[in-house]
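*Asks:*
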Amino acid sequence: DAKTTQPPSMDCAEGRAANLPCNHSTISGNEYVYWYRQIHSQGPQYIIHGLKNNETNEMASLIITEDRKSSTLILPHATLRDTAVYYCIVRVFNQGGKLIFGQGTELSVKP
Amino acid sequence: GAVVSQHPSRVICKSGTSVKIECRSLDFQATTMFWYRQFPKQSLMLMATSNEGSKATYEQGVEKDKFLINHASLTLSTLTVTSAHPEDSSFYICSAINSGGPSSYNEQFFGPGTRLTVL
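Just so you know, the protein sequences line up as chains A and B, in that order. If you read the first sequence in our numbering, its first letter stands for residue 267, the second for the next number, and so on. If you read the second sequence in our numbering, its first letter stands for residue 65, the second for the next number, and so on.
(1) Mind the definition here: the stretch 106–121 of chain B touches the stretch 130–146 of chain B only if three or more C-beta pairs lie below 8 Å; say whether that holds.
(2) Would B:D129 be called buried (16 or more neighbouring beta carbons within 10 Å of its own) or exposed?
(3) Report the three-state DSSP secondary structure of A:D277 (helix, strand or coil).
(4) Figure out for me which residue from A:H290, A:T331, A:V358, A:A284 has the closest Cα to the Cα of A:G368.
(5) Tell me the start and end of each unbroken beta strand (DSSP E) in the stretch 130–174 of chain B that is at least 3 residues and wholly inside, in chain order.
(6) Rounded to whole angstroms, what is the Cα-Cα separation between B:F103 and B:F155?
(7) Consider the Cβ of B:S196: report whether some Cβ of chain A lies at a distance smaller than 8 Å.
(8) Under a Cβ-count criterion, where at least 16 other Cβ atoms within 10 Å of its own Cβ denotes burial, should A:P274 be classed as buried or exposed?
(9) Taking 6 Å as the limit between beta carbons, can you name the residues of its chain near B:Y169, skipping five residues before and five after?
(10) Can you list, in chain order, the residues of its chain whose CB lies under 8 Å from that of B:C77, leaving out five sequence neighbours each side?
(11) With a threshold of 8 Å between beta carbons, is A:K364 in contact with chain B?
(12) With DSSP as the reference, please indicate the residues paired to B:N115 in a beta bridge.
(13) Please classify B:Q106 as buried or exposed, where buried requires at least 16 neighbouring CB atoms within 10 angstroms.
(14) Give the DSSP-derived three-state secondary structure of A:R282 in the structure shown.
(15) Could you round the C-beta distance between B:T142 and B:E86 to whole angstroms and report it? I think they count as a contact, below 8 Å.
(16) Residues of chain A with a CB under 9 Å from the CB of B:G175: which are they?
(17) In chain order, what residues of the stretch 141–160 of chain B put their CB closer than 9 Å to some CB of chain A?
(18) Tell me A:P287's beta-bridge partners as DSSP assigns them.
(19) Mapping the DSSP letters down to three states, classify A:L317 as helix, strand or coil.
(20) In the structure shown, what three-state DSSP assignment does A:L346 receive?
(21) Could you work out which residues of chain A lie near B:S107, taking near to mean beta carbons separated by less than 7 Å?
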């Protein structure tokens with residue numbers, strides 16, 4: 267599975283959009299981009315995934331560049347409860363395989 | 065939504081004893097479960113893949129005789145830390161794949177984690 271690079275930490279003001287970048291320059295054609303988050307002392311929570319088109323759900327939006335070498339997770343109106351470590355992972359869809367977590371981005375939403 | 069539970073949520077034990085951690089998929093069947101370990105301020109590290117009815121597959125560097133995994137049913141996997149030592153103190157997290165749903169739901173669902181402290 268391709269490796270990902272994320273900034274170690276970011277701050278965001280409450281109510282503002284949080285934009286979390288991820289670089290995956292070695293992504294393969296059949297690999298999807300997944301985002302998970304982990305709130306302190308809890309198990310990871312699935313957020314969203316995509317292949318090449320932008321995706322949106324009730325939690326977030328995922329913007330993938332045309333060359334697929336990077337992506338951005340957008341939390342449109344960040345709240346204090348969004349403070350967590352966000353992990354960007356690339357892997358083949360539905361392979362039933364393991365997830366390899368990188369270091370992630372620690373997002374701090376401040377009042 | 066799919067729910068995965070772990071028991072216990074936290075455990076404290078003496079050095080040299082064994083500790084069993086349970087991972088259950090509550091509303092779906094899971095032929096495949098995964099076990100992760102997480103040290104403070106670090107990311108999750110995959111320890112092993114647990115397959116129902118067969119032997120677990122361990123990641124490189126993980127001692128299979130120390131971390132015993134049993135996946136005897138489609139809803140339960142157990143991790144036993146044998147002869148625990150203080151360096152085994154960590155946050156252990158399991159995940160499960162819904163093997164009974166449509167392929168689009170073949171996604172991993174994580175348990176809440178178990179905090180192990182070895183004195």
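Don't be surprised by glycine CBs; every beta carbon is placed ideally from N, CA and C. Note that this is a predicted model, so its numbers are computed, not measured.
*Replies:* Reading off the structure:
(1) Counting Cβ pairs under 8 Å, three or more are found: they touch.
(2) B:D129 is exposed by the Cβ-count criterion.
(3) For A:D277, the secondary structure class from DSSP, reduced to helix, strand or coil, is strand.
(4) Per the Cα distances, A:H290.
(5) Runs of the beta strand (DSSP E) inside the stretch 130–174 of chain B: 131–137, 140–145, 154–161, 172–174.
(6) Roughly 6 Å between the two C-alpha positions.
(7) For residue 196 of chain B there is no data in the structure shown, the boundaries of chain B being 65 and 183.
(8) Classification of A:P274: exposed, given that the 10 Å Cβ count is below 16.
(9) Unreliable positioning characterises B:Y169 in this predicted model, as indicated by a pLDDT of 48, which lies under 50. A coordinate reading is not provided.
(10) For B:C77, where only same-chain residues beyond five positions count, the Cβ hits under 8 Å are V83, A148, L180, T181, V182, L183.
(11) Closer than 8 Å to some Cβ of chain B, the Cβ of A:K364 qualifies, so yes.
(12) Answer is B:T96, bridged to B:N115.
(13) It is exposed - the Cβ of B:Q106 has fewer than 16 other Cβ atoms within 10 Å.
(14) Coil, per DSSP.
(15) Confirmed, about 5 Å.
(16) G309, listed in chain order.
(17) F155, I157, C158, S159: these are the residues of the stretch 141–160 of chain B whose beta carbon lies less than 9 Å from some beta carbon of chain A, given in chain order.
(18) Beta-bridge pairing links A:P287 to A:T338.
(19) A:L317 falls in the coil class under three-state DSSP.
(20) A:L346 falls in the helix class under three-state DSSP.
(21) Residues of chain A with a Cβ closer than 7 Å to the Cβ of B:S107 are, in chain order, F367, G368, Q369, G370.
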